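So for the sequence shown, full-length UniProt numbering puts the first residue at 1; every next one is plus one.
C-beta: ideal position from N, C-alpha, C; glycine also.
Given the structure is predicted, the values throughout are model-derived calculations rather than measurements.
Here the structure is laid out as structure tokens; the discussion comes afterwards.
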Amino acid sequence: QDDDKWDFVLVSGIHEAGSEKEIKRKKFLDELSKKGFTIKKIEDKKLFYGVRAPKQIFQKYQKLLRNTDSGLQNSDAHQDIPVTTRIRIVNFILQNTVTPDLEKLHDLMKKKVFEAMFPLHEKEEVKKFLEENWARWRDIFCQQPIEKIRCYFGEKVALYFAWLGWYTYLLGIAAAVGLVVFVAGITVFSSSQVSKEICEASDTIMCPLCDQRCPFWRLSDTCTYAKVTHMIDNEGTVLFAMFMAIWATVFLELWKRRRATVVTTWDLYGWDEDEEELAMELINNLQHEPRRYQHSYFRSTIILLLVLVMIAVLIGIAHALVIYRVIAVALFTQSTFKFLREQANTMAVMTGAVLHYITIVIMTKVRSETPWALFPSPEKPRTFSQRENNFTVKIFTFQFFTHFSSLIYIAFFLGRINGHPGNYVRIAGKWRLEECHPSGCITDLFIQMGIIMLLKQTISSVMEYLIPWIAHKLRKKRQHPKKRRMMLGEEEEAEDPCKRQWLSNYQLNEVNVFSLFNEFLEMVIQYSFTTIFVAAFPLAPLLALCNNLFEIRLDAIKMTRLCRRMVPRKANDIGIWLQVLEAIGILAVIGNGLVIAITSNFIPLQVYKYTYSPCVTENSTGVDCSTGYINHSLSVFRIQDFEPDTKPGPAPMRLCRRYRDYRNADDYGYTVQFWHIFAARLAFLILFEHVALCIKLIAAWYVPDVPQAVKNEFLNRKHSNLRKELRWVMPQEAQG
């Protein structure tokens, strides 16, 4: 039965006899034969070489690593090793076998000597169980069989799904609280005093939104927009932002506990990757010298410059989106369609969000097509995990700025760097920057986040499933005609039991070292959306929860049915992703604090209530303290002070016009109220961030990273091992 099982399959084109490619292929296969590998050749449209490693290799591995995990793993040296370990060892040897021409398999694949290499999906009990009980849409609410996933795909994939399942489980709490906050906002849709004042301000004439032929407009025309803003921007938003800061910390602390429990049951808590890789290097080549740790300050400088260039490019893309929004507002305002004229700002935000999503898709594609070699590291990593960790930081930085550059502009710069009537800040001296609505910019941020999240979780998720599915069907269809001819013309070869299995695996979609990395990256970017600007979009956790329920099964179906088998990787944590998630938790506190302090109208409204409102100045008790806030937050502008090239539409009355800012009517300098609000914003930001970070630290201290049961388990194992050693020593002393 073992003779029918093959560790790996190498696929090659049918090259001419005596050609360079054919000679190189033969040299590589000869090197494998010298190491005791069994090789089987099957010819179809391509040449398929099945390779099986000799038992001695695995016996050496067991001998070298039987006492891993600091002597806590009592493995039997004669016991069969898991299939996942077997595949991992063979993959390492294949990747590190050197031909007489000093070429490795990676070099040969670049030169098209070999076209593919993959371990086989086995028709075994575990695979069948995963297909029937995990990789099905009907199991969307069922618990995942993490142990079975580990047995078939290895620890790294199992930890990914354990983390994703835990994240999705705890998202349920955040989604419920976010939904309550959002529904509470809907219930006060029309009750806000600020919204009422905007809806009743039919005699408040606002300055035009663009320079040429844009009309003056009445503040009451934006009544619905004001109500929507209050639905998002209320006291509940502040509490929810604080809650999400705590939730992010508790989630990570509970994950650390969950991870400790899981890897302890796998006997991998103290697993050392360096030791394992050194062992496999010696098994492959006894004369091998270990790679030394190295660091280059020159490489560090180059990397820093490349990162700065990358960020500059992404800022340039964000700048282009700003220009688009500025031009779009001007065009929509002058449109012949009444709806576009009335909703010019909203339409510019929505179309800008769609354009931002398109840039995200394009930049993600550019990133995925960029070779790993273009992302150098200051250190020359020894192990695959170290190499992957270095790569992760660079790619996450790239993707983070790609996704959040436009959101950062809307949240912190929109309406704050645009100048004022008569002295607008302009792009290229031509287009003036956008302004915020008198009720604030938070609705723009809400719309932008909502559209990007919905598009990513619908179109991107559907394409993530459909593209591999269609590719698999097309590859199968191309093979069928040839397969029939082979069955008729070469019946004996077609009956080879391996041929059908190898062909069916070859027809599956290719996987590479980035496959699991891409899944992690997608989820961590989603986690960023769920936490960083959640104060402006309380529905983010709910959308993430719905997406993840499908994402788990989608990934399962891809891995088991549509893609070739991944090379199993050993791991006892999720690597540097944990540090990335912790950094996002800190950014979430800063981001939400800035959204409430700067983007939201929460602080200006509170300053007005407690300093300038009728409740303070007139000692009125039966009046809403926010009465008069809108009039207080608008400044006056004289029409004759417009810039010479500005040609606004006809004004209803030749009187002063209003705009959102705190400026004097004489010289348009900032008023005392502006500096009062500025100080209040700064004070709130410092207070909010310090309180939130203190709560995070308390939560991290309160929830231990490692459960007591795990600590006691290790204590008992150490005690048991020491007693065994003592029993061995005492009889020797008695004999002496």
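Where residue i sits in the DSSP three-state scheme
| i | result |
| --- | --- |
| Val83 | helix |
| Cys563 | strand |
| Gly591 | helix |
| Phe688 | helix |
| Tyr269 | coil |
| Ile427 | strand |
| Ser635 | strand |
| Phe37 | coil |
| Ile246 | helix |
| Ile417 | coil |
| Asn285 | coil |
| Gly185 | helix |
| Tyr629 | helix |
| Trp217 | strand |
| Val98 | coil |
| Ala158 | helix |
| Asn664 | coil |
| Arg569 | coil |
| Tyr293 | coil |
| Arg387 | helix |
| Arg136 | coil |
| residue 738 | Residue numbering for the chain in the displayed model covers 1 to 736; residue 738 lies beyond these limits and cannot be assessed. |
Inter-residue spacing [alpha-carbon to alpha-carbon] between residue i and residue j
| i | j | result |
| --- | --- | --- |
| Leu562 | Pro468 | 6 Å |
| Leu108 | Glu115 | 9 Å |
| Ile700 | Thr249 | Here residue 700 turns out to be Ala, not Ile, going by the sequence shown. Spanning the two alpha carbons is a distance of roughly 7 Å. |
| Leu304 | Ile698 | 35 Å |
| Lys430 | Leu170 | 49 Å |
| Val183 | Phe189 | 10 Å |
| Arg432 | Ile146 | 56 Å |
| Gly669 | His690 | 33 Å |
| Asn345 | Val309 | 32 Å |
| Val105 | Asn96 | Reading the sequence as shown, one finds Leu at residue 105 and not Val. Cα to Cα, the separation comes out at about 7 Å. |
| Gly165 | Arg291 | 37 Å |
| Val366 | Ala471 | 20 Å |
| residue 740 | Pro421 | Missing from the structure shown is residue 740; the chain here goes from 1 to 736 and no further. |
| Gly172 | Phe251 | 12 Å |
| Ile410 | Leu445 | 6 Å |
| Tyr702 | Ala679 | 34 Å |
| Phe688 | Gly419 | 29 Å |
| Leu715 | Gln708 | 10 Å |
| Phe684 | Leu543 | 29 Å |
| Lys127 | Ile283 | 29 Å |
Residues that DSSP places opposite residue i in a beta bridge
| i | result |
| --- | --- |
| Glu43 | Leu47 |
| Leu10 | Tyr49 and Met117 |
| Ile205 | Arg218 |
| Tyr659 | Ser635 |
| His437 | Gly440 |
| His719 | According to DSSP, His719 bridges with nothing at all. |
| Asn509 | Cys563 |
| residue 767 | What the structure shows of the chain is the stretch from 1 to 736, and residue 767 is not part of that stretch, so it cannot be assessed. |
Exposed unless 16 or more other CB atoms sit within 10 angstroms - verdict on residue i
| i | result |
| --- | --- |
| Ser635 | buried |
| His719 | exposed |
| Thr336 | exposed |
| Tyr610 | exposed |
| Trp271 | buried |
| Glu725 | exposed |
| Cys694 | exposed |
| Trp163 | buried |
| Gly18 | exposed |
| Gly185 | buried |
| Asp667 | exposed |
beta-carbon residue i near the ligand ATP non-hydrogen atom, thresh 7 Å
| i | result |
| --- | --- |
| Ile467 | Questions concerning the ligand ATP fall outside what the structure shown contains, since it holds no ligand whatsoever. |
Q. Would you say the region 154-168 touches the region 558-573, given that touching needs at least three Cβ pairs under 8 Å?
A. yes
Q) Any contact of the region 527-534 with the region 442-459, i.e. 3+ C-beta pairs under 8 Å? A) yes
Q. Touch check for the region 175-187 and the region 537-544: three-plus C-beta pairs under 8 Å?
A. yes
Q: Decide if the region 432-442 is in contact with the region 403-415; the criterion is three or more beta carbon pairs, one per stretch, under 8 Å apart.
A: yes
Q: Say whether the region 314-334 touches the region 343-352, bearing in mind that this needs 3 or more beta-carbon pairs closer than 8 Å, one atom from each stretch.
A: yes
Q) Does the count of Cβ pairs from the region 48-59 and the region 10-22 closer than 8 Å reach three? A) yes
Q) Can at least three beta-carbon pairs, one atom from the region 186-203 and one from the region 225-235, be found at a separation below 8 Å? A) yes
(Q) Assess contact between the region 269-289 and the region 198-215, defined as three or more Cβ pairs (one per stretch) separated by less than 8 Å. Is contact present? (A) no
Q. Three or more C-beta pairs closer than 8 Å, one from the region 253-264 and one from the region 32-44: is that the case here?
A. no
(Q) With three or more beta-carbon pairs closer than 8 Å as the criterion, would you say the region 551-560 touches the region 125-143? (A) yes
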